[in-house]
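Colleague:
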Amino acid sequence: MGSIWWIRRDLRLRDNLTLQKALETPPVLPVFILDPLLLKNAPERRLNFLFQNLHSLNKDLQSRGSNLVVRTGKPAEILESLLKETSADQILAEEDFTPYARMRSVLAGSFLPLKLVQGQLGTHPLESLKSSGKPYRVFGPFKKNWLAHIQSFESIPAPALVPTLQDIDSDGIPMGGADDLFPAGEEAAYKRLEIFLRKKVEFYHLTRDRMDLDGSSNLSPYFRFGVIGLRSAIFRSLEILKDENGRKNLLGIDAWLNDLIWREYHIHIMYHFPESRTQNFRSVYDGLLWINDQSDFQAWKEGRTGYPVVDAAMRQLNTIGWIPRQSRNIAASFLVKGLLIDWRWGEKWFRDRLLDGDLAVNVGNWQRAAGTGPDAAPFDRILNPTRQSKKYDPTGNYIRKWVPELAELDKDVIHGPWQKRAKAAGYPKPIIDHKFATERAVAAYQAAKDLIKL
């Protein structure tokens with residue numbers, strides 16, 4: 006009798022449909038499997054965040070009479086062994102949608118009593134389809150369909166008790182270093198959500214792209230690991246709107262929801278089109294001749310391109326494993342269109358360093374930046390890094406923080422020091438002229454489109 010709760014990307018007790026389902030057939034054994042295939046490719050910073058959150062989850066379980074069992078190995082083999090050890094009737098897991106996760110679930114479900122519960126997304130990819138039964142490719146109609154489900158979201162409280170099976174052997178949870186910027190645990194995540202919705206969301210539509218301000222929700226790593234539930238977060242935002250003064254938050258919450266829907270859109274796209282992981286969604290650009298200059302790529306990775314805002318973004322990424330959304334956009338546009346370096350190179354570099362690195366979301370954002378995605382910007386939309394810098398870091402404080410060589414320059418000079426011939430000891434000149442890069446990129450993209458006409 007009983008249930009095995011196979012925890013994957015749902016490191017929380019509240020808003021957990023899988024746990025609720027498992028509690029219908031107690032006792033419940035919470036299990037997290039350290040999968041070597043995933044661990045070997047994960048950056049140390051992300052692993053530390055995972056381990057810290059596992060420790061926090063274990064404490065939350067212990068306060069409810071349970072314990073987290075951790076095992077290392079191949080998931081299907083571990084689960085088969087646990088079924089024999091516990092005589093449990095079923096294994097319940099929150100459905101995960103990456104290509105590897107789907108393959109893993111199919112393998113385990115082929116000979117084990119595995120039941121998947123959809124709790125990660127607002128809508129299941131197979132339930133959010135056009136009237137023709139085909140998946141959405143354009144964001145606008147996808148968003149409209151997604152919003153139609155929003156009123157059904159609810160907030161499920163954490164259970165007071167998790168009756169569990171005792172005396173089951175468990176590996177130790179690796180310690181992992183603490184992250185001051187993103188403290189671990191469900192309580193910390195929901196506290197951050199509440200602060201955002203109470204104090205920051207009102208102006209989110211104005212500040213989310215400002216790199217010199219703390220305008221982000223700073224919740225993406227928690228969504229990545231399911232430390233916070235998407236549905237309960239959205240439910241809480243709708244509650245805020247219903248407050249006496251809640252209408253003042255309408256524009257900010259709308260902008261925040263739009264960002265969350267883009268995230269889910271990318272996950273749906275990869276679910277339906279898994280080949281987009283490595284292939285251009287828009288095959289018209291398959292003939293694009295990337296230059297892929299290794300020295301340019303190295304300069305971009307290290308944050309020494311000579312464009313202060315690009316370098317600030319890359320140095321921040323390399324230092325803390327997180328950067329604001331506009332920093333990501335600028336850095337990506339500069340690499341793929343400014344330097345004509347394959348988007349797959351940049352996608353991997355980001356994914357290997359981002360604390361919130363998610364395959365589907367990262368690929369989706371990079372294909373969008375490259376103009377190769379299903380709902381990407383026109384190929385001739387190329388961000389001017391200097392103009393972007395002046396617009397989204399008008400004080401220059403973002404650059405000063407991450408590019409200390411330029412810390413003494415005033416805001417009129419810091420965005421393009423070479424233009425004013427400013428003295429900046431040790432800071433490189435631009436590795437490419439923006440006007441030249443733009444013309445070259447437009448020509449390359451147009452040539453790729455012309456190829457299919459031949």
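Each residue of the sequence shown is one higher than the one before, starting from 6 at the first, in this note's numbering.
For glycine and all other residues, C-beta sits at the position ideal for the given N, C-alpha and C.
Provide the residue span of the beta strand (DSSP E) that contains T377, from first to last.
Modeller: Counting along the chain, T377 falls outside any beta strand (DSSP E), and DSSP gives it neither H nor E.
Colleague: Just to confirm before moving on: does the CB-CB distance between F144 and D380 stay below 8 Å?
Modeller: Yes.
Colleague: Which residue from D291, F116 and I335 puts its Cα closest to that of W305?
Modeller: Of the listed residues, the one whose Cα sits closest to W305 is I335.
Colleague: Kindly indicate which residue of G401, H210, T443 and D184 has the alpha-carbon position closest to the one of K253.
Modeller: Here the closest residue by C-alpha is H210.
Colleague: Which runs of the alpha helix (DSSP H) spanning at least 4 residues fall entirely within the segment 337-384, listed in chain order?
Modeller: Complete alpha helix (DSSP H) runs here, min 4: 348-356 and 364-375.
Colleague: Given R402, which residues of its chain have a CB within under 6 Å of its CB, disregarding the five upstream and five downstream residues?
Modeller: The residue you asked about is not Arg; residue 402 is Asn in the sequence shown. D217, listed in sequence order.
Colleague: Under a Cβ-count criterion, where at least 16 other Cβ atoms within 10 Å of its own Cβ denotes burial, should P80 be classed as buried or exposed?
Modeller: It counts as buried.
Colleague: Would you check if the distance between the CB atom of L34 and the CB atom of V122 is smaller than 8 Å?
Modeller: Contact flag unset, no.
Colleague: Could you tell me which uninterrupted alpha helix (DSSP H) segments, each at least 4 residues in length, are contained entirely in the segment 240-311, listed from first to last along the chain?
Modeller: Listed in chain order, they are 255-277 and 299-307.
Colleague: With a Cβ-Cβ cutoff of 8 Å, do I233 and A194 count as a contact?
Modeller: Their beta carbons are under 8 Å apart, which means I233 touches A194 by this criterion.
Colleague: Once the 5 residues before and after E207 are set aside, which same chain residues still bring their CB inside 6 Å of it?
Modeller: Counting only Cβ-Cβ distances below 6 Å, and skipping sequence neighbours, we find K253, N254 and G257.
Colleague: According to DSSP, simplified to helix, strand and coil, what is K26?
Modeller: K26 falls in the helix class under three-state DSSP.
Colleague: Could you tell me which of R426, I404, E410 and P409 sits nearest to K416, measuring between CA atoms?
Modeller: Looking at the Cα atoms, I404 is the closest of the given residues.
Colleague: Short check: CB of Q372 to CB of F278, under 8 Å?
Modeller: No, Cβ-Cβ distance for Q372 and F278 is not below 8 Å.
Colleague: DSSP three-state call for W327: helix, strand or coil?
Modeller: W327: coil per DSSP, three-state reduction.
Colleague: Helix, strand or coil: which one does DSSP assign to A224?
Modeller: First, the residue type needs correcting, since residue 224 is Leu and not Ala in the sequence shown. It is coil, neither helix nor strand.
Colleague: Quick one: Cα of R445 to Cα of Y290, how far?
Modeller: Approximately 15 Å between the Cα atoms of the pair.
Colleague: Within this structure, are the beta carbons of P168 and L24 separated by less than 8 Å?
Modeller: No. Outside cutoff.
Colleague: Nearest by alpha-carbon distance to R392: which of V341, S332, D357 and A412 is it?
Modeller: Closest option to R392, Cα to Cα, is S332.
Colleague: What alpha helix (DSSP H) runs, 4 residues minimum, are completely inside the segment 17-81?
Modeller: As far as the segment 17-81 is concerned, its whole alpha helix (DSSP H) runs of at least 4 residues are 22-27, 41-44 and 49-67.
Colleague: Residue range of the beta strand (DSSP E) that V447 falls in?
Modeller: V447 -> not in any beta strand (DSSP E); alpha helix (DSSP H) instead, spanning H439 to L456.
Colleague: Per the DSSP calculation, K120 is bridged to which residue(s)?
Modeller: Beta-bridge pairing links K120 to L97.
Colleague: How is S332 classed by DSSP in three states: helix, strand or coil?
Modeller: Helix.
Colleague: Bridge partners for L134 per DSSP, in chain order?
Modeller: BP columns for L134 point to P140.
Colleague: The beta strand (DSSP E) spanning I161 covers which residue range?
Modeller: Segment: none, I161 is in no beta strand (DSSP E) and carries neither H nor E.
Colleague: Just to confirm the assignment, what range does the beta strand (DSSP E) spanning W423 have?
Modeller: Counting along the chain, W423 falls outside any beta strand (DSSP E), and DSSP gives it neither H nor E.
Colleague: Given a cut-off of 8 Å, decide if P32 and L170 are closer than it, judged by their beta-carbon atoms.
Modeller: For L170 and P32, yes; Cβs fall inside 8 Å.
Colleague: Comparing alpha-carbon positions, which option in S394, L44, E410 and E191 lies nearest G421?
Modeller: The shortest Cα separation from G421 among S394, L44, E410 and E191 belongs to S394.
Colleague: Count the other CB atoms within 10 Å of the CB of K342; is the residue buried (16 or more) or exposed (fewer)?
Modeller: It counts as buried.
Colleague: Taking the beta strand (DSSP E) that S8 falls in, what are its first and last residues?
Modeller: From DSSP, the beta strand (DSSP E) with S8 extends over S8 to I12.
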